[in-house]
Amino acid sequence: MNLPYNPKDKKSIIDFAKLLKDKSLRQVCDVNAIKNDRRGKGHFGQILEEFYFYYKPNSGSEPDFPIAKLELKSSPLKRLKNKEYRSKERLALNIINYVNVVNQNFENSDFIKKNASILLIFYLYQAGQDILDYHIKLVYEWSLPSIDLEIIKNDWETITQKIADGRAHELSEGDTFYLGACTKGKNSLSVRKQPFSEIPAKQRAYSFKQGYVNHIIASIAGDKKEVYGKLIPSIAVTNKQTIEEIVSAKFKPLIGKTDLELLVQFHLDCFNPKMKDYYSRVSKAIVKSVLGVPQNVNVEDYIEEFAKAEIIVRTVRLKENNLPKEDISFPSFKYEEIVKEEWEGSNFKAILEHKFLFVFFQFENDQLVLRKVRFWNMPYADILEAEKVWAKTKEIVLKGHIVREVKGKTRLTNFPKKTINSVSHVRPHASNAADTYPLPTKDKFTQAKEYTKHCFWLNNTYVRDEIYLR
DNA sequence: GCATGATCATGC
DNA sequence: GCATGATCATGC
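Here you go:
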């Protein structure tokens, strides 16, 4: 068959791909040849390969166009309320071959062979729409930028080291910054062999984190009228220095100083100690000053490396006995959503697989002292513990067994308590009792169709033992 | 003193 | 108006 492009010539492939811009699959492919069972979620890329570029999908370690050394990737965009475009998800790359990778180094790895140069095709996802009608928005050839290479190499080595340690089954996306190891496969039963342990490991693929994909989108969209993400000033990660090292170095001279000393040092004189949220505001302001972030923006939105890695910054006040004064809350969950989720795709697991930056202050003679700064992500065993809390919560909502008893103004619930699990528990997270989300099942005890918003919390004892003291 | 339920304050 | 990060209040 005569191809409409030359598969040995990179430019020819890219030129042909550019014709996809502002089109849909229906407009460029022979739709009648596509079977109905190929039209579901996840088939966009396969249809593109088979019915536009005319080659059979492959999953070898070579790129899709081996001679031109070009990999083809398509991925969905979403549109925000403010009309800006963002990546809908992480960008999944090649499957990690646990057995082979331990004999490779970064430069000659399957990852580099496959993804050094990628032909990126971004389309706008619209719920309910036939995938044949998705609008193709961006077509671009992209290669690993040198500015990110050091961090990505570090990430690759972190993943490889864990496999070499016989801990492939404990991999988590939170282990790394830009390049993650995301689960891949139909469900948690998709496992494969690892070289230094008998334990089967979940199948995983390299992936660029969503925040990193947003950065790619912003850089390739250039000065387009439609906004595709944001370019953020960098804290200038210099060669051979990790994000951890840079941030630690910035905080190091300040460890042991009091909140008042730090406020003076950074000319932050606008905080009234009588304000209810004084400490959280002071902590945040200090963190911003240390990292060079203007006071009116979020750290996560301003620092390029934090945005790309989707690092979550949390400040914690410890009591003199090292116990955090409060547990740590997350956004409230919607009852109607959690009952439809599976653990693998759940919001809670997604949060727990993030990289966190914890900033610890501690009370000392009624003063607050900057004690420690720590990058952290949840170890695999603890994610399994959190899963129990999540599963129990889902079950309770599903059965409508939330309320156990009403005592005056207080309702006792069956949600997992702090004493049940070492990692996490469920508590209200609302403006007041009337601040509710609808229930999928009427509550058996109160007959209510809605219930006060709740969220998952990290136990303060867990934060003390596993994040602060460890 | 802590666990659990309830609520606050801000910014977008 | 509400999402988010956080703190308050009360009973055991």
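In this note's numbering, the protein residues as written are -14 to 455. No residue lacks a Cβ here, since even glycine has one placed at the ideal position from N, Cα and C.
Next item on the list: Can you tell me which of the three DSSP states THR426 falls into?
Entry: coil
Item checked: Runs of beta strand (DSSP E) wholly within the segment 88 to 124 (minimum 3 residues, chain order) -> 102 to 109
Note to self: In whole angstroms, give me the CA-to-CA distance for GLY30 and ASP15.
What the structure shows: 15 Å
Item checked: TYR213 vs PHE343 beta-carbon contact at 9 Å -> no
Check: What residue does the alpha helix (DSSP H) around PHE236 start on, and which one ends it?
Finding: 228 to 236
Notebook entry, point to check: If we ignore side chains and look at the alpha-carbon of each, how far apart do LEU62 and ARG396 end up?
Noted result: 42 Å
Note to self: So, with DSSP's three-state summary, where would you put TYR447?
What the structure shows: helix
Next item on the list: Give me the Cβ distance between THR421 and THR437, rounded to the nearest whole Å; I'm assuming they're in contact under 8 Å.
Entry: 6 Å
Checklist line | Cα-Cα separation, TYR70 to LYS402 | finding: 40 Å
Check: Straight-line CA distance for THR378 to GLY385?
Finding: 11 Å
Check: Can you give the Cα-Cα distance for LYS58 and LEU104, rounded to whole angstroms?
Finding: 6 Å
Next item on the list: Starting from the Cα of LYS310, find the closest Cα among PHE348, LEU109, SER94 and give me that residue.
Entry: PHE348
Checklist line | Opposing strand residues paired with ARG71 [DSSP bridges] | finding: LYS63
Margin query: Report the CB separation of THR300 from LYS269 in whole angstroms; it is logged as a contact under 8 Å.
Written below: Cβ atoms of THR300 and LYS269 come within 8 Å of each other, at about 6 Å.
Notebook entry, point to check: GLY159: buried (16+ other C-beta within 10 angstroms of its C-beta) or exposed?
Noted result: buried
Item checked: Reduced DSSP category for GLU327 - H, G, I as helix; E, B as strand; rest coil -> coil
Next item on the list: Identify every run of the alpha helix (DSSP H) within the segment 304 to 365, keeping only runs that are complete inside it and at least 4 residues long; order them along the chain.
Entry: Those alpha helix (DSSP H) runs which fall completely within the segment 304 to 365 and span 4+ residues are 320 to 323, 332 to 337.
Check: Residues bridged to PRO413 by DSSP?
Finding: DSSP lists HIS439 as partners of PRO413.
Next item on the list: Could you spell out the range, first to last residue, of the beta strand (DSSP E) harbouring TYR163?
Entry: Run containing TYR163: none; DSSP gives neither H nor E here.
Checklist line | Residue range of the beta strand (DSSP E) that includes LEU33 | finding: No beta strand (DSSP E) holds LEU33; the alpha helix (DSSP H) holding it covers 29 to 36.
Next item on the list: Taking all protein chains shown into account, decide if PRO48 is buried (16 or more other Cβ within 10 angstroms of its Cβ) or exposed.
Entry: Label assigned to PRO48: buried.
Next item on the list: Can you tell me which of the three DSSP states VAL408 falls into?
Entry: coil
Checklist line | Where VAL391 falls: helix, strand or coil (DSSP) | finding: strand
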